[in-house]
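Student: I am attaching a structure below and will ask some questions about it afterwards.
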Amino acid sequence: MAFNFEDNKKDAIVLLQTVAQELGTEDMNKAGRIFRAVLQSIRDRLPVIDAVQFAAQLPIFWKGIYFDQYDVSKVPVEIRDAQEWINYIRNKNAFAANNDFQQDEEISAAFRSVVHALQQHMTDGQLQQVINSLNQDIQELLVV
């Protein structure tokens with residue numbers, strides 16, 4: 080089977096454009112930073128098997144971002160409430176957090192936006208399993 084870089088690139092760009100649209104930004108770099116922070120936060124919250132199953136539905140480029148600096152000996156990270164979750168996402172984007180995430184509500188909105196974008200590109204069952212694995216307090220951040 081041939082590996083088509085252009086198709087893989089296109090799939091990654093389409094997903095990033097969906098994230099940017101959900102975030103309400105035309106800045107693809109900002110959308111990418113936020114997407115990375117939320118993806119890696121979700122990854123760290125999941126047991127290894129679930130994290131791998133979740134990643135299986137991502138375009139290959141985003142799989143690389145998702146697994147970058149992944150340490151299976153430190154997961155799943157225990158996050159008990161929404162404020163811990165917000166802080167965790169903020170720390171995943173430490174390089175640009177002051178620009179991307181100035182307020183807690185911006186992080187909550189980014190989390191919702193990324194989940195909405197993923198809903199358009201993943202099967203409902205897999206994404207719902209991930210959402211269900213989050214504490215109720217965190218799940219409530221998805222409700223506007």
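Heads up: the sequence shown runs through residues 80 to 223, numbered per the working numbering. Every residue gets a Cβ at the ideal spot worked out from N, C-alpha and C, and that includes glycine.
1. May I have the straight-line CA-CA distance separating Q162 from N87, to the nearest angstrom?
2. For V154, name the three-state secondary structure that DSSP assigns.
3. Considering Y145, what are the terminal residues of the alpha helix (DSSP H) in which it resides?
4. Just verifying my parser: in three-state terms, what is the DSSP assignment at H195?
5. State buried or exposed for Q119, treating a residue as buried only when at least 16 other CB atoms are found within 10 Å of its CB.
6. Please report the straight-line C-alpha distance between F114 and N172, rounded to a whole angstrom.
7. From this set, V193, F133, L213 and N108, which residue's C-alpha is nearest F174's C-alpha?
8. With DSSP as the reference, label T97 as helix, strand or coil.
9. Output yes or no for whether 9 Å exceeds the beta carbon distance between P155 and L125.
10. What did DSSP end up calling Q181 once you bin it into helix, strand or coil?
11. Spatial neighbours of H195 within its chain, please: C-beta separation below 8 Å, excluding the five flanking residues on both sides.
12. Can you round the beta-carbon distance between Y167 and I158 to whole angstroms, since I take them to be within the 8 Å contact cut?
Tutor: Quick look at the numbers:
1. 36 Å
2. coil
3. I139 to F146
4. helix
5. buried
6. Near 10 Å, if we compare the C-alpha coordinates of N172 and F114.
7. N108
8. helix
9. yes
10. coil
11. E101
12. 6 Å
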